[in-house]
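Input: a single structure, listed below in structure tokens.
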Ligand code: M6R
């Protein structure tokens, strides 16, 4: 299936997204097509990302990255809503449309509306020469290669990488130092191999899919950098296997949705180690207390999770800001295998 082929193309896809865009000497990223000078970009005080579906999820990853690395306020807007809204936006707001195809009607309409209001508009887009690529005033091509599968996989991780490089670039325009920039570049360069390592979970994920294939409801839970991963994992399952799934920030469960948990509703916890790990663990224990099965996506060598989860998929360790890039891999595979097993 194209979906599986494209899942496995991700190490190469992100290599292509990064190619020629990391400048080690200056400890920053470089982009040829933004068409805005560093001086103009330094004056940007607010960023709006607008997109649909999976691209909207990568925008959420972008929001966390920009807040953390560039300390610029970011808003993530559904393009289908933004196009009909009239939010007050200051002059120093930059708008990014994020899209694989470059042809999504709502994203194009939101971009046009923002452009009409006089905001600088850029695109993060995969398809060269597409409508959105042409109408934006500049932007970044993903170079992820054609995405044939309807379920977006390699475009998603390429978008996340493009946003990580952009956050590095904006950070370096402001308060990120050279040494931080160099360290982040090294981590980005190591990422394709980390994704290859995450792909080695394929067989383990297939076995987990066999175990839970009869379930008709799944919850996907994560926090901070891994909250968008939970949303995207749930969308992949819904879209490709026609199984109901909900993504939530793990701590929101106790505010109502926990009522859904029973022994036939698995919760997929995205919980690589990091500052929020203990908090997610206590959210997990609440689910266990209600008898819900837990599938955990956790880091290699995490012995603690093995004692509490019903199934564990291992992913390699990466710095927290890059976790969304590896934690999504087993969830793409899980959606794929459940879809195939359900026919
Ligand atoms: O081409 P786009 O990125 O603009 O498409 C937006 C959504 O339609 C798309 O991401 C959709 O959600 C995916 N097929 C989900 O896998």
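Residue numbers (the numbering used here): 34 to 376.
We put the beta carbon where it would ideally sit given N, CA and C, even for glycine.
Given the structure is predicted, the values throughout are model-derived calculations rather than measurements.
Backbone CA spacing between residue i and residue j [nearest angstrom]
i, j, result
"residue 351", "residue 225", "11 Å"
"residue 314", "residue 348", "17 Å"
"residue 37", "residue 363", "12 Å"
"residue 107", "residue 98", "10 Å"
"residue 212", "residue 266", "34 Å"
"residue 94", "residue 255", "12 Å"
"residue 257", "residue 223", "22 Å"
"residue 355", "residue 167", "30 Å"
"residue 176", "residue 45", "10 Å"
"residue 285", "residue 80", "26 Å"
"residue 253", "residue 298", "11 Å"
"residue 125", "residue 165", "22 Å"
"residue 336", "residue 62", "37 Å"
"residue 78", "residue 369", "40 Å"
"residue 101", "residue 154", "23 Å"
"residue 218", "residue 208", "16 Å"
"residue 152", "residue 329", "42 Å"
"residue 139", "residue 268", "19 Å"
"residue 145", "residue 115", "11 Å"
"residue 307", "residue 261", "16 Å"
"residue 203", "residue 361", "25 Å"
"residue 136", "residue 341", "45 Å"
"residue 358", "residue 300", "20 Å"
"residue 332", "residue 242", "19 Å"
"residue 289", "residue 283", "12 Å"
"residue 310", "residue 52", "33 Å"
"residue 229", "residue 215", "23 Å"
"residue 159", "residue 233", "26 Å"
"residue 88", "residue 319", "31 Å"
"residue 118", "residue 76", "25 Å"
"residue 275", "residue 375", "9 Å"
"residue 57", "residue 321", "46 Å"
"residue 293", "residue 185", "28 Å"
"residue 371", "residue 270", "8 Å"
"residue 68", "residue 303", "37 Å"
"residue 3", "residue 373", "Coverage of the chain is limited to positions 34 through 376, which leaves residue 3 absent and any answer about it impossible."
"residue 65", "residue 196", "15 Å"
"residue 180", "residue 48", "16 Å"
"residue 206", "residue 71", "7 Å"
"residue 183", "residue 134", "11 Å"
"residue 156", "residue 200", "15 Å"
Residue i (DSSP reduced to helix, strand or coil)
i, result
"residue 112", "helix"
"residue 265", "helix"
"residue 277", "strand"
"residue 248", "coil"
"residue 258", "helix"
"residue 195", "helix"
"residue 230", "helix"
"residue 189", "helix"
"residue 347", "strand"
"residue 177", "coil"
"residue 117", "coil"
"residue 156", "strand"
"residue 172", "strand"
Endpoints, the alpha helix (DSSP H) within which residue i is located
i, result
"residue 47", "43-51"
"residue 140", "138-149"
"residue 370", "356-374"
Residue range of the beta strand (DSSP E) that includes residue i
i, result
"residue 126", "126-132"
"residue 105", "Here residue 105 belongs to no beta strand (DSSP E), and DSSP marks it neither H nor E."
Segments of 4+ residues assigned as alpha helix (DSSP H) that fall wholly inside the segment 263-344: Runs of the alpha helix (DSSP H) lying entirely within the segment 263-344, each at least 4 residues long, are 310-322 and 336-341 in chain order.
Where in the segment 54-85 do unbroken runs of the alpha helix (DSSP H), each at least 4 residues long, occur, reported from the N-terminal end onward? Fully enclosed alpha helix (DSSP H) runs of 4 or longer: 71-75.
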